[in-house]
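Step one of this worksheet: look at the structure below.
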Amino acid sequence: MRALVLLHLATACSQMCFRGKIYTMPIIELQEVSKLYGFGDATTVALDEVSLTIEAGEFVAIMGPSGSGKSTLMNIIGLLDRPTHGNYKLNGRQVERLRPNRQARARRDTIGFVFQSFNLLPKLNVLDNVALPLAYKGMSQTRRHKRAAEILDRIGLADREYFMPRQLSGGQAQRVAIARALINNPNIIIADEPTGNLDSASSRLVMELLSDVHKAGNTILMVTHNPELTRYASRVVFMHDGVVIADEKSTVGEVHELLRRSMYFMPKKTEEDDLAGVSALMQAIPEKLTGKKKAAKDKKKPKTSKGRYKANSSSRKRGKK
Ligand SMILES: Nc1ncnc2c1ncn2[C@@H]1O[C@H](COP(=O)(O)OP(=O)(O)OP(=O)(O)O)[C@@H](O)[C@H]1O
Ligand SMILES: [Mg+2]
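In short: position in the sequence shown from 1, add 40, done, that's the numbering used here.
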């Protein structure tokens with residue numbers, strides 16, 4: 041509980057108070073961010089001039105087909121990777137060219153990560169896994185364990201403190217990973233397909249935990265292939281071919297309108313079900329956004345005049361001939 045109160049306070053600092061009114065300011069600002077992999081004819085444009093502003097306290101679901109650049113975007117926002125071009129401001133501070141140790145500090149203090157494959161260290165018990173990020177801050181083991189135990193208690197896993205990761209169910213492992221992401225009191229949580237390996241009951245528990253973290257005032261960025269999960273989000277960003285093709289407000293508690301129209305209301309149990317959701321998504325979007333899609337395609341024309349890079353939608357992977 042204390043951890044969530046602290047998280048809330050941290051978020052409040054990113055809001056500006058003026059004469060009793062609260063004005064949120066962007067916590068994340070990307071300006072024309074591109075990410076290119078490889079060289080010459082084998083260049084892949086993973087992100088193509090993406091501009092995105094996220095305010096403190098938003099819950100953003102990021103959707104799009106495989107290879108559309110969602111994880112690349114998360115890695116850049118999470119300071120795990122650098123953009124090839126473009127600017128990135130985190131909490132109002134330009135961060136894309138910070139030295140690695142400064143980037144690591146900004147990342148540690150601001151961002152918690154949750155991955156599809158949990159990424160728990162197999163040789164550490166649950167308590168030590170959760171407490172691990174505090175070791176990098178030089179905190180004593182007693183204090184680390186006390187903090188980790190508080191968070192585990194809060195998420196209902198106090199009785200699993202001394203279990204090893206292999207003794208946990210998938211849902212429990214992911215909740216432990218979320219506890220670890222929360223331990224440094226970050227105000228941004230980046231979750232890349234957090235329920236990708238979970239059955240629907242475990243997914244619900246994990247999503248409810250993320251939703252609690254959001255309600256405590258934190259910013260959540262979550263990649264998902266499952267349209268059902270947009271009901272937890274306040275905004276849905278759709279990506280395709282490294283471009284944001286739609287960016288829409290969403291009502292928390294409801295599946296986003298674009299997805300509701302075409303998705304199948306069946307319990308999602310398998311990966312195939314999720315992929316069916318993605319196909320439904322891709323059918324739904326062009327209808328509404330033909331104009332934007334065209335604009336996105338236009339942006340992919342060769343840019344030799346700027347001397348930056350050449351790429352278009354048909355030649356993104358020119359190595360593949
Ligand atoms: N390290 C890398 N080297 C070369 N190409 C890469 C690298 N990482 C990603 N890519 C390419 O960048 C593009 C975007 O990849 P990314 O992992 O961001 O997609 P994604 O939307 O997260 O897909 P998925 O839903 O399958 O996780 C893909 O074409 C991928 O092959
Ligand atoms: Mg991915």
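Idealized CB from N, CA, C, for every residue including glycine.
In the structure shown, the three-state DSSP call for Val292 is coil.
The nearest non-hydrogen atom of ligand 2 is 7 Å or more from the C-beta of Lys129.
Burial check for Ser243: the Cβ neighbour count within 10 Å reaches 16 or more, so the residue is buried.
For Asp149, the Cβ stays outside the 7 Å cut-off from all heavy atoms of ligand 2. Distance check between Phe153 and each of Leu164, Met179, Ser274, Pro226 places Pro226 closest, using alpha-carbon atoms only.
Within the region 143-209, the runs of beta strand (DSSP E) that reach at least 3 residues and sit entirely inside it are, in chain order, 151-155. Here the region 229-239 makes no contact with the region 171-178; the two share fewer than three CB pairs at distances below 8 Å. Taking each of Asp281, Ala241, Phe158 in turn and checking the Cα distance to Val90, the smallest one comes out for Asp281.
Pro123 is the residue among His254, Asn131, Pro123 whose C-alpha sits nearest the C-alpha of Lys75.
Across the structure, Met103 and Asn169 are spaced so that their CA atoms are roughly 29 Å apart. Put simply, the region 179-193 does not touch the region 131-146. Fewer than three CB pairs are less than 8 Å apart.
Positions of the beta strand (DSSP E) runs, each at least 3 residues long and wholly inside the region 213-254, are given as 228-232 in order along the chain.
At least one heavy atom of ligand 2 lies closer than 7 Å to the C-beta of Lys110.
Between Leu167 and Gly211, the C-beta gap is not smaller than 8 Å, which leaves the two residues out of contact.
Not one heavy atom of ligand 1 sits closer than 7 Å to the Cβ of Gly80. Gln214 and Asn258 have their C-alpha atoms roughly 19 Å apart. Look at Tyr272: its beta carbon is at least 7 Å from all of the heavy atoms in ligand 1. Under the 10 Å beta carbon count, Lys289 is surrounded by fewer than 16 other beta carbons and is classified as exposed. According to the DSSP secondary-structure assignment, Leu130 is paired through a beta bridge with Ile68, Arg133.
Pro105 is the residue among Arg220, Pro105, Asp81, Asp121 whose C-alpha sits nearest the C-alpha of Val284. Cβ contact annotation for Asn115 (same chain, cutoff 7 Å, sequence separation greater than five): Asp121, in chain order. For Val263, the shortest C-beta to heavy atom distance toward ligand 2 is below 7 Å.
Close CB contacts of Ala241 within its chain, under the 8 Å cut and outside five residues either way in sequence, are with Gly211 (chain order).
Taking non-hydrogen atoms of ligand 2 into account, the C-beta of Asp232 is found less than 7 Å away from one of them.
The criterion of a C-beta distance shorter than 8 Å is satisfied by Val253 and Leu222. Relative to ligand 1, even the nearest heavy atom lies 7 Å or more away from the CB of Thr124. In this model, Val276 and Ala101 are separated by some 5 Å (Cα to Cα).
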